[in-house]
Every structure is written in C-alpha cells, then in structure tokens.
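Trainee: In the working numbering, the protein residues as written are 10 to 212. Even for Gly, the Cβ is constructed at its ideal location relative to N, Cα and C. In this text, all values refer to a predicted model and were calculated from it rather than measured experimentally. Okay, here's the structure, questions in a sec.
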Ligand code: HEM
C-alpha cells in the first residue's frame, strides 16, 4: 500500500512539473550565459574602484552556509529532475538536509546582511566623501532577490505541510516552489559572481 501511494505521489509530482522539467536545461544554460556575460562586461568596463568596507568572519560564515545549502538544494532537485524527472528517494532525503540548513540560515542571513545591502538613497545625492560601502548596487540587488525568492521557496513547502489544502492547491504550491527555487539559484550565482568581481578589484 505504501509503495502504491508512493508511486501515485511520484506520478503527480512528475506530471505537474512537465513544463518546468522541459525548460530547466535551457534556463540553466541561460543563467550560466548571463553570469558569463556579467563577468566579461564587468572586467571589460573595470574602472577606478571605490574602496569597500571589510567583511567580518561571522558574515563570511553565514554567507558560506547559505551557499552550501543552496548548492545542496540545487544539486539534489535539479539533478533528480534532469536525470530521472522527479525528486524522490535519497535525492529527496538529501534535499531535506539542505532544506533544514537553508530554513535555519535564511533569517540569519537576512539579519546579518540586510544592513550592508541596504540601498541608502541619501548617499546618492550627497557630495564629498561618504565612507566606504560594503557592496555596489548589483550584489545588493541580487541579495534582495535571493532573500525574497528564498522566503517564497521555503514558505511554499512549510505552508504545504499544514493540512488545509487539496491536491490542486498543493500542486500549485509545488509549481511555485520549483520556479522560485530556480530564481534563488540564479540570484545566488549572480551574487557569487559579483562578490568575486569585488574581491579581485574589478568593482
Ligand atoms: C534553493 C532552494 C530550493 C530549490 C532550488 C528547490 C527545488 C525543488 C524542485 C525543483 C523540486 C521539484 C522536484 C520535482 O519536480 O520532483 C523540489 C521539491 C521539493 N522541495 Fe525544494 N527546493 C529548494 C528549497 C527547499 C526548501 C527550503 C524546502 C523545505 C522547506 C524544500 C522542500 C521540498 C520538498 C518537500 C519537495 C518535494 C515536494 C513534492 O514532490 O511534493 N525545498 N524542490
């Protein structure tokens, strides 16, 4: 009976994600191309770089745990979707390990990184020295994208665990989960590239 239920679950998940599964390879390639284009344009247009304030070891640690959890979540889910078409078995278990890390670290990331990633509009109209900022506009933008899509990706699954929705609503939540997960991964990839550009002094 359990095996039967499991098969039904796998079939529903596979069917509801058909469009996502078909477009995923192209979207991942597009993401890689956008990252490549961003890196090339940033290096080509590199000019005098504004000094940036330093990161604390705590900020480094939070960022590293976030990236590791996003890496686990992306590898387990996209790997399973691309190879067998559906996330199940050991890959799903590993996805849950990444999910635990991600749900724990996301609020910590928000608290730790919100302040340096703030768009301080008062700075832009100001003349004279304003003190070093931690990030320029692009990592700030991708940080907020990562944070908001990360909130959606976690909430779609956490809310689905409360028994108040039917099959159709749960399928819709899973669909939103898939697409917002892709946005998290794309935002994280762009954010890392922006961080690398800052570290090597190109921005
Ligand atoms: C970067 C973050 C994430 C990405 C890229 C991601 C991606 C995905 C994708 C693509 C699927 C669908 C696989 C399929 O079609 O079979 C999926 C399923 C799932 N994800 Fe995530 N996910 C992320 C974060 C999370 C988090 C934070 C949780 C838990 C709070 C979670 C829990 C689940 C569960 C339980 C499923 C299976 C749902 C089902 O098939 O009914 N994921 N994830």
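1) Specify the secondary structure class of residue 142 as computed by DSSP and reduced to three states.
2) Shortest alpha-carbon distance to residue 142 belongs to which of 63, 37, 47?
3) Over what stretch of residues does the alpha helix (DSSP H) that includes residue 62 continue unbroken?
4) Could you give the distance in angstroms between the alpha-carbon of residue 26 and the alpha-carbon of residue 121?
5) If you follow the alpha helix (DSSP H) that residue 34 is in, where does it begin and where does it stop?
6) Which first and last residues belong to the alpha helix (DSSP H) in which residue 113 is found?
7) First and last residue of the alpha helix (DSSP H) that includes residue 171?
8) For the structure I just gave you, are there three or more beta carbon pairs, one from the segment 80-99 and one from the segment 48-64, closer than 8 Å?
9) Is DSSP giving residue 92 helix, strand or coil here?
10) Apart from the five residues just before and just after residue 151, which ones in its own chain have a Cβ nearer than 7 Å to its Cβ?
11) Taking its Cβ as the centre, do 16 or more other Cβ atoms sit within 10 Å of residue 72, making it buried, or is it exposed?
12) Quick one: residues in its chain with C-beta nearer than 7 Å to the C-beta of residue 32, no 5 flanking neighbours on either side, listed in chain order?
13) What three-state label does DSSP hand residue 209 in the structure shown?
14) Could you compute how far the alpha carbon of residue 43 sits from the alpha carbon of residue 147?
15) Quick one: Cα of residue 65 to Cα of residue 103, how far?
16) In angstroms, rounded to a whole number, what distance separates the CA positions of residue 208 and residue 59?
17) Please name the residue in 51, 184, 75 whose C-alpha comes closest to that of residue 108.
Mentor: Reading from the atomic positions:
1) Start at 1 with the first residue of the chain shown, and residue 142 comes out as number 133. Secondary structure of residue 142 (DSSP, three-state): strand.
2) Numbered from its first residue, the chain shown carries residue 142 at position 133. Taking only the C-alpha atoms, the option nearest residue 142 is 63.
3) Numbered from its first residue, the chain shown carries residue 62 at position 53. It is not in any alpha helix (DSSP H) - residue 62 carries neither H nor E in the DSSP assignment.
4) For the purposes of this step, residue 26 is taken as the residue at position 17 of the chain shown. For the purposes of this step, residue 121 is taken as the residue at position 112 of the chain shown. Rounded to the nearest angstrom, the two C-alpha atoms are 35 Å apart.
5) In the chain shown, residue 34 corresponds to position 25, counting from 1. Under the DSSP assignment, residue 34 falls in the alpha helix (DSSP H) whose first and last residues are 27-53.
6) Your numbering for residue 113 matches position 104 in the chain shown. Counting along the chain, the alpha helix (DSSP H) containing residue 113 begins and ends at 98-122.
7) As a first step, residue 171 is located in the chain shown; it is residue number 162 there, counting from the start. Looking at the DSSP string, residue 171 is not in any alpha helix (DSSP H), and its letter there is neither H nor E.
8) They do not touch, by the three-pair rule.
9) Looking up residue 92 in the chain shown gives position 83. In the structure shown, residue 92 sits in a helix (DSSP, three-state: H, G or I).
10) Stepping through the chain shown from its first residue, residue 151 is reached at position 142. Excluding positions up to five away in sequence, the list reads 196, 199, 200, 203.
11) If you number the chain shown from 1, residue 72 lands on position 63. So residue 72 counts as buried.
12) Within the chain shown, numbered from 1, the residue matching residue 32 stands at position 23. Contacts found: none.
13) Indexing the chain shown from 1 puts residue 209 at position 200. Residue 209 falls in the coil class under three-state DSSP.
14) Position 34 of the chain shown, counted from the first residue, corresponds to residue 43. Position 138 of the chain shown, counted from the first residue, corresponds to residue 147. The alpha-carbon atoms of residue 43 and residue 147 are separated by roughly 13 Å.
15) Here residue 65 is taken as the residue at index 56 of the chain shown, counted from 1. Here residue 103 is taken as the residue at index 94 of the chain shown, counted from 1. The alpha-carbon atoms of residue 65 and residue 103 are separated by roughly 30 Å.
16) Numbered from 1 along the chain shown, position 199 holds the residue referred to as residue 208. Numbered from 1 along the chain shown, position 50 holds the residue referred to as residue 59. Whole-angstrom Cα-Cα distance: 12 Å.
17) Translated into positions along the chain shown, residue 108 becomes position 99. When each option's Cα is compared against that of residue 108, the closest is 75.
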